[in-house]
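Novice:
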Amino acid sequence: MGVQTWTFIIVGLTFLLYIGVAIWARAGSTKEFYVAGGGVSPLANGMATAADWMSAASYLSMAGLISFMGYSGSQYLMGWTGGYVLLALLLAPYLRKFGKFTVPDFIGERYYSKQARMVALICAIFVSFTYVVGQMKGVGVAFARFLEVPFTTGILIGIGIVFFYAVLGGMKGITYTQVAQYCVLIFAFTVPAVFISLQMVGNPIPQLGFGGTMSDGTYLLDKLNMLSTDLGFAEYTSAGMNDRINVFFITASLMLGTAGLPHVIVRFFTVPRVRDARISAGYALFFIAILYTTAPAIASFARVNLIETVSNKSYESMPEWFTKWEQAELITFTDKNSDGIIQYVANKDKNELIIDRDIMVLANPEIANLPAWVIALVVSGGLAAALSTAAGLLLVIATSISHDLLKKSIMPHISEKGELLAARIAIAVAVVGAGLAGMNPPGFVAQVVALAFGLAASSFFPAIILGIFDKRMNKEGAITGMIVGILFTTIYIWYFKPQLGGPGTPDGYWFGIKPEGIGTLGMLVNLAISLVVSRMTAPPPQYVQDMVEDIRIPRGAGAAVEH
Amino acid sequence: MSDKDLSLYWKKNLQYLFILLSVWFAVSYGCGILFAEALNSIKLGGFPLGFWFAQQGAIYTFVILIFVYVRLMNNLDKEFDVDEK
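Top line first, the protein sequences correspond to chains F and H. According to the numbering used here, the first sequence holds residues 1 to 563 in order. According to the numbering used here, the second sequence holds residues 564 to 648 in order.
(1) Just checking: is the beta-carbon of F/I553 within a distance shorter than 7 Å of some beta-carbon in chain H?
(2) Which runs of the alpha helix (DSSP H) fall wholly inside the segment 307–380 of chain F and span at least 4 residues, in chain order?
(3) DSSP puts F/T213 in a beta bridge; with which residues?
(4) Is the distance from the Cβ of F/A384 to the Cβ of F/Q207 below 7 Å?
(5) Considering F/K417, what are the terminal residues of the alpha helix (DSSP H) in which it resides?
(6) Listed in chain order, which residues of the segment 49–71 of chain F have Cβ atoms closer than 9 Å to some Cβ of chain H?
(7) Quick one: measure Cβ to Cβ for H/I629 and F/A281, integer angstroms, because I've assumed they're closer than 8 Å.
(8) Could you check what DSSP says for F/K471 in three-state terms: helix, strand or coil?
(9) Quick one: what's got a C-beta closer than 8 Å to F/E549's C-beta in the same chain, skipping five residues either side?
(10) For F/M360, which residues from the same chain have a beta carbon less than 7 Å from its beta carbon, with the 5 sequence-adjacent residues on both sides left out?
(11) Going along chain F, which residues have a C-beta under 7 Å from H/I605?
(12) In the DSSP assignment, the alpha helix (DSSP H) including H/K574 goes from what residue to what residue?
(13) Suppose the cutoff is 8 Å on Cβ atoms and the five residues either side in sequence are ignored; what does the same chain contact list for F/E32 look like?
(14) Given that H/N637 touches chain F, what residues does it touch there, using C-beta distances under 7 Å?
(15) Does DSSP put F/F101 in a helix, a strand or coil?
(16) Identify the contact partners of H/G609 in chain F, using a Cβ-Cβ distance below 8 Å as the criterion.
(17) Nearest CA to the CA of F/Q542: which residue from F/R110, F/W53, F/T399, F/L156?
(18) Taking C-beta to C-beta, are F/A120 and F/L256 nearer than 7 Å?
(19) Classify F/L60 as helix, strand or coil using the three-state DSSP reduction.
(20) Using 8 Å for Cβ pairs, my map puts F/A51 next to F/L261. What's the rounded Cβ distance?
(21) Buried or exposed: where does F/S415 fall if 16 or more other Cβ atoms within 10 Å of its Cβ makes it buried?
(22) Suppose only complete runs of 4+ residues qualify. What are the alpha helix (DSSP H) ranges in the segment 9–44 of chain F, listed by chain order?
(23) Contact defined as beta carbons within less than 8 Å: I believe F/A22 pairs with F/L168. What is the distance between those atoms, to the nearest angstrom?
(24) Check whether the Cβ atoms of F/F249 and F/G517 lie closer than 7 Å to each other.
(25) Provide the residue(s) that pair with H/K606 in DSSP beta bridges, ordered along the chain.
(26) Starting from the Cα of F/I157, find the closest Cα among F/P498, F/A116, F/W494, F/L387 and give me that residue.
(27) Check whether chain F comes within 7 Å of H/F630, counting only Cβ atoms and requiring the distance to be less than that.
(28) Between F/Y94 and the rest of its own chain, which residues show a CB-CB distance below 6 Å, the 5 nearest in sequence each way excluded?
(29) Under a Cβ-count criterion, where at least 16 other Cβ atoms within 10 Å of its own Cβ denotes burial, should F/V201 be classed as buried or exposed?
(30) In chain H, which residues lie with their C-beta within 7 Å of the C-beta of F/V85?
(31) Nearest chain F C-beta to H/L580 closer than 7 Å, yes or no?
Below you can see the structure in the form of structure tokens.
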């Protein structure tokens with residue numbers, strides 16, 4: 001059977017599974033819709049959080065990026081895992097004790113103000129929508145390439161599936177579907193890695209394998225360094241000074257963004273107790289770490305395999321996958337010196353081969369000659385990653401509108417049934433909107449996602465941290481901080497991203513910081529402004545200070561309540 | 564629970580956070596970034612050490628840190644009698 005038949009079978013089966021789970025776990029009340037009834041076990045919550053968290057970017061793009069970046073790629077690995085330590089230690093237990101439904105809920109109550117709630121609401125929608133557009137695009141690409149349907153049809157199929165189980169199931173449906181999606185995606189990610197690790201270094205554990213020796217007796221990474229420098233690229237494992245400044249800032253921005261992303265934070269409202277919130281952050285990171293420690297191994301293997309397959313080989317002798325990706329215009333070969341041989345080198349004038357980094361995870365099993373069903377499995381894993389993240393984000397958008405905007409601001413007397421209906425309508429509108437935006441995305445997937453992290457880091461992170469750890473923080477400080485932080489970051493990213501139409505050039509970067517890392521500075525600006533402004537204005541009322549005292553101790557945390 | 568106990572409980576909590584976050588910073592930003600090049604001259608099997616910290620070691624440490632925190636806090640909650648029944 002060919003790759004396409006296998007893809008139809010495996011993708012079809014996994015979709016049936018998701019829909020089945022969604023019907024079994026459909027939501028009947030707002031509480032089930034928003035926080036899955038607050039009764040999810042920490043282990044299941046950990047898995048769902050992991051699937052929610054690992055997007056098309058983690059699954060499809062990250063290993064490819066590392067493969068081409070070498071050491072600098074570490075910023076994604078540490079940045080997208082280290083934030084969980086901040087979440088577990090600084091946020092999750094306290095937000096759980098606080099016991100409401102959404103992040104704007106927390107901001108609104110803690111800062112005793114409707115304006116604060118509205119600012120948080122707008123930030124949450126802005127961040128989540130930016131992020132979800134990237135996911136819809138990922139879904140479209142995967143369908144288009146492997147089901148050989150047009151890109152727009154691919155997105156439409158994606159919209160249909162997410163629509164079905166997010167609208168029906170709310171948080172409850174999404175949580176249990178995500179558990180299934182985690183299992184699919186982690187299996188699909190590790191199986192090819194184990195095969196390739198066995199093939200190349202004879203070790204079934206990829207995490208150890210990429211430090212192992214190849215059949216000719218040299219260490220794989222030494223060999224990779226040698227191959228890279230021979231072709232004029234930087235040494236794969238070396239950490240240059242220039243790299244390190246940006247790796248530092250981008251890592252920090254991704255970590256702080258992780259801890260400020262509303263769709264991740266809201267997961268800690270779904271468990272029954274404070275201690276469950278703590279441990280489920282641990283489980284979540286453990287499940288995430290399985291993928292995140294495998295990805296750098298895949299990156300190294302793929303890089304060695306790629307160089308050995310294409311470098312200085314004749315164009316005629318290229319395998320089938322090469323031609324297929326050429327047709328998709330994701331690999332381009334220009335025979336500059338007309339010798340029929342592929343020169344793949346760092347020197348731009350002599351280099352004849354351009355490879356899109358995003359294809360590495362999908363192409364990797366083919367490059368390593370693995371069977372067709374493994375390739376189909378990888379595709380279904382990519383779809384699981386994109387769909388699970390999209391669903392989680394869409395729910396945040398929907399709850400922001402039905403709960404924070406309607407129930408808490410405009411129509412406080414809306415019935416539970418009415419609120420549930422509003423949530424379902426909001427999610428439906430959001431799915432369609434995100435799908436349409438995904439057809440004309442503003443810039444590339446990874447860039448859009450990086451933007452979302454910077455925005456989350458510079459808006460929510462300080463407001464929540466200070467809300468818990470600084471009793472004196474008042475609404476004036478928090479609101480000013482959030483507005484200045486998110487504006488500063490948005491303007492810097494826009495100014496220095498030519499893809500978004502900004503006029504800036506890399507020479508103008510402040511302290512040499514790339515737009516992807518600016519969220520770190522935005523966070524510091526927010527923090528400083530919040531502290532200064534709050535000390536110059538009146539302290540928060542006594543009942544708010546008592547509330548802060550109360551969320552600091554675990555006892556007395558009921559299930560998440562309306563009021 | 565008295566105010567004095569509460570502030571002691573909170574102080575202990577902050578102490579734990581300080582220690583754990585110092586380790587968090589040291590493995591990622593320290594070993595994985597600032598001192599990565601220096602550590603790369605040391606080999607751990609086939610891995611240059613700085614590179615290993617950045618792509619493997621830091622992540623393992625993160626997972627362990629959270630589980631250590633959970634243990635410490637659950638014990639602290641019991642000690643101060645603020646745990647959930």
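Think of the CB as a built atom: it goes at the ideal place given N, C-alpha and C, for glycine as much as any other residue. A quick note: this is a predicted structure, and the numbers were derived from the prediction, not measured.
Specialist: According to the structure data:
(1) Among the CB atoms of chain H, one or more fall inside 7 Å of the CB of F/I553.
(2) Whole alpha helix (DSSP H) segments, 4+ residues: 320–327, 360–367.
(3) F/T213 is bridged to F/Y219.
(4) Not in contact: F/A384 and F/Q207 (Cβ atoms no closer than 7 Å).
(5) For F/K417, the enclosing alpha helix (DSSP H) stretches over residues 416–439.
(6) Taking 9 Å as the cut-off between beta carbons, the residues of the segment 49–71 of chain F near chain H are I66, G70, Y71, in sequence order.
(7) Contact holds; Cβ gap of about 6 Å.
(8) In the displayed model, F/K471 falls within coil according to three-state DSSP, outside both helix and strand.
(9) Same-chain partners within the cutoff: K471.
(10) A63, G64, S67, A302.
(11) What H/I605 touches in chain F: nothing, since even the nearest Cβ is about 12 Å away.
(12) That run of the alpha helix (DSSP H) goes 566–588.
(13) G170, M171, K172.
(14) Within 7 Å Cβ-Cβ: R275.
(15) Here DSSP, grouped into helix, strand and coil, assigns F/F101 to coil.
(16) Neighbours of H/G609 on chain F, chain order: F210, G211, G212, T213, Y219, L220, L221, D222.
(17) Scanning F/R110, F/W53, F/T399, F/L156 for the CA closest to the CA of F/Q542 turns up F/R110.
(18) Taking 7 Å as the Cβ cut-off, F/A120 and F/L256 do not qualify as a contacting pair.
(19) Shown here, F/L60 sits in a helix according to DSSP, grouped into three states.
(20) About 14 Å separates the two Cβ atoms, so there is no contact after all.
(21) For F/S415, the number of other beta carbons within 10 angstroms of its own is below 16, and it is reported as exposed.
(22) DSSP runs (the alpha helix (DSSP H)) wholly in the segment 9–44 of chain F: 30–35.
(23) Contact between F/A22 and F/L168 holds, since their C-beta atoms are separated by about 6 Å, short of 8 Å.
(24) Closer than 7 Å, so yes.
(25) H/K606 pairs with H/P611.
(26) Of the listed residues, the one whose Cα sits closest to F/I157 is F/L387.
(27) H/F630 counts as touching chain F.
(28) Cβ within range, chain order: I468, I551.
(29) So F/V201 counts as buried.
(30) In chain order, W587, F625, L628, I629 make up the part of chain H whose C-beta sits under 7 Å from the C-beta of F/V85.
(31) Using beta-carbon distances, H/L580 counts as an interface residue toward chain F, with a partner under 7 Å.
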